[in-house]
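Participant:
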Amino acid sequence: RRAPGTGGDVSRILMVLPSIAKVNDQSNNLIVRGGNPIENDFYVDNIEIPNINHFPQQGASGGPIGFLNVDFIQDVTFYSGGFSVLYGDRLSSIMDITFREGNSSEVDGQLDLNFSGFGGVAEGPLFGGKGSWLFSARRSYLDFVVDVLDVGSTVAPTYGDIQGKLVYDIDANNKLILLGVFADDHNAPDRETGEENAMAYYGNQDLYQSTVGLNWRSIWGKKGYSNTSIAYTSNMYREDWYETSTGIHGIRNRTREQALKFRNVNRFRLNRKNTVEFGVEAKHVIENYDNWYAETTNDIGNPVPAITIKDEITGSKIGGFLNYVAKPFSRLTTTMGVRVDYFSYNNNTVVSPRFALSFQVTRKTSINASAGIYYQNLPLLLLAQNESNKNLKDAEAIHYVVGIDHLLTENTKLSLEVYQKNYKSFPMDPSQPGLFIIDKSYFGNYGAFEDNGEALSRGVEIMIQKKLAKDFYGLVSASYFRSRYKGLDGVWRDRDFDNRVTFSIQGGYKPNNKWEFSARWIFAGGVPYTPFDLEKSKQYHRAVYDEKRINQVRYPDYHSMNIRFDRRFNFSSSNVVLYLSVWNVYNRKNVANYYWNDKEQVQDEVYQWGLLPIIGIEYEF
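My numbering numbers the first residue of the sequence shown as 737 and each following residue consecutively.
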């Protein structure tokens, strides 16, 4: 509740951090230190969940709103760079989440109702108190919201999710955790809705995501512990999209992605000064495609033939890692590790050495540094479009991070970090040599790629965080960064998510256990975009971009304030919480994007969320 304007979405909650760029209210894409949405991964209780969002972007990690229930979350560790060899196959960030356990002594419940949807949580004991269960279900009714309020869109998708966690305590040192999450999403805008909302395509969309897994946690006395999990993930996409301006059927997507996964992580303390971490991971993927993309023109107006992808792709990923943590003296901690990963589909093997250190200068001040090499397999949807794509290298990033932490007071910490990321081996489209394909939100209708794309991100971040003490808490963060790429034409350009400057301030006041007020204000510099080629757009009756001015113009700066009021009523065996959350309090007209209005033959704009009040009630029993 301390993060207004987030809608109970863990990704949006983290967007106050200086390492995350601000892109669009309608999306919770994590753009971490100049990266893009494909570069992030998520774990819940040692089980990988590739995307934690409704209406997921295929091949990436983003979406409009998250489906993990934040009332389940006990702890979140977010690694924005320089993370250890325990995690692989990602270039930018890792979000490692721990779900809390259910109440092992009695049955409790919660009901939640607001303008966007309704849901409930239930929990209780299991196996005579040797375990617990935790379960939630939610369903949206956004169609009511967009009919009543002007929120900048009349698109009314529906979505729901179910998630649960069962825990069984085998003995004092061994525990089994069964985790399950499921999300289903449906959207069917007609042509009229597509025209009203400046959508390039309208049609039908049905998406299903599920992950179920079992994790065994074992404690080895006082020396260490292990987490071992096996999990199954299935994602299904059933989509038909029609061009809004012509009504022509443009995209047919019938995809099923499946993965069977094993993960083992161990930590063992050799002695007071030396610790080792080691483990293995294995994943078998099966992806079925029955997709068709109509003949069209690409972003710069060149003709693209129709593409049919009807194939089953299988492959195995195997990885192993070893980490050595040494504390040669009380103030210095060093970490050295190496990770090896193999992917059978393209027969690629990569080795990732990583290093980190932390030096405690004083009781209040520490200096931290890390460096490492990171690799990531490209989305299979891209690789499947041409047989030659099997020969592409894995994308690579080298991280360099230096920072300082200083305690200003017992409850307030100042953090300052400087970083640089050198990217290489990104896929590039020879027919569009000036574009950085991997930053786009759509991975269809390409073909054969080259793997010599380069990019560079560097920046400085500062954050002051005050934990809740007495009645006030807050966080202030700012960053300045540059994120650029080199096209096949040899020209360096700004990447699509290059805000350059971000600033956030968030805080709350809690005078007692009945009232709480919180607010968040975010500012972000406008991201770059490519203006339209007016003559070609008129000629082709669709958006055609000026290839001589790629990402040379910027959107207006973004800023918005969100507030929230909570009032709690405590009864003998239950509680009621009433809340009012207001997004974009002063109704700032933040531009989401410019589009080609073919009816008027001019450039037009689409705005992000307008003023949006949300009234809700929670009943806890």
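All C-beta atoms, glycine included, are put in the ideal place defined by N, C-alpha and C.
In this text the structure is predicted, and so the values were computed from the model without any measurement.
1) By how many angstroms is the C-alpha of Leu1117 removed from the C-alpha of Phe1179?
2) Could you name each continuous beta strand (DSSP E) segment of 3 residues or more that falls completely within the region 1147–1234, going from the start of the chain to the end?
3) With a cut-off of 8 Å, does the C-beta of Leu1204 fall near any C-beta of chain B?
4) For the putative contact between Gly853 and Arg874, defined by C-beta atoms under 8 Å, what is the C-beta separation to the nearest angstrom?
5) Measuring alpha carbon to alpha carbon, tell me which of Lys959, His1020, His985 and Glu1271 ends up nearest Arg1008.
6) Looking only at its chain, what residues have a beta carbon closer than 8 Å to the beta carbon of Ser816, apart from the 5 residues adjacent to it on each side?
7) Do Val1280 and Ile1036 have their beta-carbon atoms positioned less than 8 Å apart in this structure?
8) Rounded to whole angstroms, what's the CA-CA distance from Tyr1322 to Gly1346? Just pull it up for me.
9) Could you please give the first and the last residue of the uninterrupted beta strand (DSSP E) stretch that includes Tyr810?
10) In angstroms, rounded to a whole number, what distance separates the CA positions of Ala1133 and Val1061?
11) Thinking just about the alpha-carbon of each residue, which of Leu878, Ile1299, Gln994 and Gly949 is nearest to the one in Gly900?
12) Quick one: any contact between the region 1220–1229 and the region 1241–1261, if contact means 3 or more CB pairs under 8 Å?
13) Excluding the 5 residues flanking Asn923 on each side, which residues of the same chain have their C-beta closer than 6 Å to its C-beta?
14) Relative to the alpha-carbon of Val1313, which residue among Arg836, Asp777 and Asn850 has its alpha-carbon at the smallest distance?
15) Confirm, please, whether the CB-CB distance from Leu1114 to Pro1163 is below 8 Å.
16) Determine the extent of the alpha helix (DSSP H) in which Gln762 is found, giving its start and end residues.
17) Are Leu766 and Gly798 touching if we call contact CB-CB under 8 Å?
18) Write down the C-beta distance between Asn1267 and Asp1207 rounded to the nearest angstrom, noting that I regard them as a contact closer than 8 Å.
19) Leaving out five residues before and five after Asn909 in sequence, what residues of the same chain have Cβ atoms less than 8 Å from its Cβ?
20) Can you tell me where the beta strand (DSSP E) with Ser1273 in it begins and where it stops?
21) If you follow the alpha helix (DSSP H) that Glu931 is in, where does it begin and where does it stop?
22) Span of the alpha helix (DSSP H) holding Leu1118?
23) With C-beta atoms as the reference, is Tyr1136 less than 8 Å away from Gln1156?
24) Where does Ser828 fall in DSSP's three states?
25) Is the region 988–1003 touching the region 960–967 in the sense that three or more CB pairs, one from each, lie closer than 8 Å?
26) Thinking just about the alpha-carbon of each residue, which of Phe1172, Lys1100 and Leu902 is nearest to the one in Thr1145?
27) Less than 8 Å between the beta carbons of Asn1380 and Lys1129, yes or no?
28) Determine the burial state of Thr1044: buried for a count of at least 16 other Cβ atoms within 10 Å of its Cβ, exposed for fewer.
29) Would you say Ala1184 and Ser1106 are within 8 Å of each other, going by their C-beta atoms?
30) CB-CB under 6 Å to Ile898, same chain, minus the five flanking residues each way: which ones, in chain order?
31) Can you tell me the Cα-Cα spacing of Ser981 and Asn933, whole angstroms?
32) Out of curiosity, what's the CA-to-CA distance linking Asn963 and Leu915?
33) To the nearest angstrom, how far is the alpha carbon of Val1138 from that of Leu1152?
34) What does the alpha-carbon distance come out to for the pair His1142 and Ser1102?
35) What's the gap between the Cα of Ile1241 and the Cα of Ser1254?
36) Expressed to the nearest angstrom, what Euclidean distance is found between the alpha-carbon atoms of Asn1181 and Asp1234?
Facilitator: Short version:
1) In the sequence shown, residue 1179 corresponds to position 443, counting from 1. In the sequence shown, residue 1117 corresponds to position 381, counting from 1. Each residue's alpha carbon lies about 7 Å from the other.
2) 1148–1164, 1186–1205, 1208–1222 and 1228–1230
3) Checking the listed chains, one finds no chain B in this structure; it contains a single protein chain.
4) Counted from its first residue, the sequence shown places residue 853 at position 117. Counted from its first residue, the sequence shown places residue 874 at position 138. Yes, they are in contact, since the Cβ atoms of Gly853 and Arg874 sit about 6 Å apart, within 8 Å.
5) Working through the sequence shown from its first residue, we reach residue 1008 at position 272. Among Lys959, His1020, His985 and Glu1271, the Cα nearest to that of Arg1008 belongs to Lys959.
6) Within the sequence shown, numbered from 1, the residue matching residue 816 stands at position 80. So the list reads Leu753, Ser755, Ile756, Val768, Arg769, Ser828 and Ser829, once near-sequence residues are dropped.
7) What you label residue 1036 is simply residue 300 of the sequence shown in a count that begins at 1. What you label residue 1280 is simply residue 544 of the sequence shown in a count that begins at 1. Yes, the Cβ-Cβ distance between Ile1036 and Val1280 is below 8 Å.
8) The sequence position of residue 1322 within the sequence shown is 586, counting from 1. The sequence position of residue 1346 within the sequence shown is 610, counting from 1. Going from the Cα of Tyr1322 to the Cα of Gly1346 covers about 9 Å.
9) The sequence position of residue 810 within the sequence shown is 74, counting from 1. Note on identity: in this sequence residue 810 is Gln, with Tyr being the wrong assignment. Its beta strand (DSSP E) spans residues Ile809 to Tyr815.
10) The residue you call residue 1133 lines up with position 397 of the sequence shown. The residue you call residue 1061 lines up with position 325 of the sequence shown. Taking the straight line joining both Cα atoms gives about 23 Å.
11) Against the sequence shown, residue 900 aligns to sequence position 164. Among Leu878, Ile1299, Gln994 and Gly949, the Cα nearest to that of Gly900 is on Gly949.
12) no
13) For the purposes of this step, residue 923 is identified with residue 187 of the sequence shown, where counting begins at 1. Answer for Asn923: Pro893 and Gln941, listed in chain order.
14) As a position in the sequence shown, residue 1313 is number 577, starting the count at 1. The residue with the shortest Cα to Cα distance from Val1313 is Asn850.
15) As a working mapping, residue 1163 is identified with position 427 in the sequence shown. As a working mapping, residue 1114 is identified with position 378 in the sequence shown. In this structure, Leu1114 lies closer than 8 Å to Pro1163 by Cβ.
16) Taking the first residue of the sequence shown as 1, we reach residue 762 at position 26. Here Gln762 belongs to no alpha helix (DSSP H), and DSSP marks it neither H nor E.
17) Reading the sequence shown from its first residue, position 30 is the one you call residue 766. Reading the sequence shown from its first residue, position 62 is the one you call residue 798. It is a contact, given that the beta carbons lie within the stated cut-off.
18) Indexing the sequence shown from 1 puts residue 1267 at position 531. Indexing the sequence shown from 1 puts residue 1207 at position 471. The question names Asn, yet the displayed sequence has Pro at residue 1267. Rounded, the Cβ-Cβ distance is 50 Å, inconsistent with contact.
19) Residue numbering aside, residue 909 sits at position 173 when the sequence shown is read from its first letter. Excluding positions up to five away in sequence, the list reads Ser954, Ile955, Trp956 and Gly957.
20) As a first step, residue 1273 is located in the sequence shown; it is residue number 537 there, counting from the start. No beta strand (DSSP E) holds Ser1273; the alpha helix (DSSP H) holding it covers Leu1270 to Tyr1276.
21) Residue numbering aside, residue 931 sits at position 195 when the sequence shown is read from its first letter. Element bounds for Glu931: Arg927 to Glu932.
22) If you number the sequence shown from 1, residue 1118 lands on position 382. Element bounds for Leu1118: Leu1116 to Leu1119.
23) Taking the first residue of the sequence shown as position 1, residue 1136 is located at position 400. Taking the first residue of the sequence shown as position 1, residue 1156 is located at position 420. Yes, Cβ-Cβ distance for Tyr1136 and Gln1156 is below 8 Å.
24) Taking the first residue of the sequence shown as position 1, residue 828 is located at position 92. Coil at Ser828, not helix or strand.
25) yes
26) Here the question's residue 1145 lines up with position 409 in the sequence shown. Checked all of Phe1172, Lys1100 and Leu902; the closest Cα to Thr1145 is Lys1100.
27) This structure cannot settle anything about residue 1380, because the visible part of the chain is limited to 737 through 1357.
28) Counting from 1 along the sequence shown, the entry for residue 1044 is found at position 308. Counting Cβ neighbours within 10 Å, Thr1044 comes out exposed, since fewer than 16 surround it.
29) Translated into the one-based positions of the sequence shown, residue 1184 becomes position 448. Translated into the one-based positions of the sequence shown, residue 1106 becomes position 370. It is not a contact, given that the beta carbons lie outside the stated cut-off.
30) Mapped onto the sequence shown, residue 898 falls at position 162. Correct list, in chain order: Ala873 and Phe918.
31) Translated into the one-based positions of the sequence shown, residue 981 becomes position 245. Translated into the one-based positions of the sequence shown, residue 933 becomes position 197. Their backbone Cα atoms lie some 12 Å apart in a straight line.
32) To locate residue 963, count along the sequence shown from 1; it is residue 227. To locate residue 915, count along the sequence shown from 1; it is residue 179. Cα to Cα, Asn963 sits roughly 14 Å from Leu915.
33) As a first step, residue 1138 is located in the sequence shown; it is residue number 402 there, counting from the start. As a first step, residue 1152 is located in the sequence shown; it is residue number 416 there, counting from the start. Whole-angstrom Cα-Cα distance: 8 Å.
34) Here residue 1142 refers to the residue found at position 406 when the sequence shown is read from its first residue. Here residue 1102 refers to the residue found at position 366 when the sequence shown is read from its first residue. Roughly 7 Å separates the two Cα atoms.
35) Locating residue 1241 in the sequence shown gives position 505, counting from the first residue. Locating residue 1254 in the sequence shown gives position 518, counting from the first residue. Answer to the nearest angstrom: the Cα atoms are 11 Å apart.
36) As a first step, residue 1181 is located in the sequence shown; it is residue number 445 there, counting from the start. As a first step, residue 1234 is located in the sequence shown; it is residue number 498 there, counting from the start. Roughly 25 Å separates the two Cα atoms.
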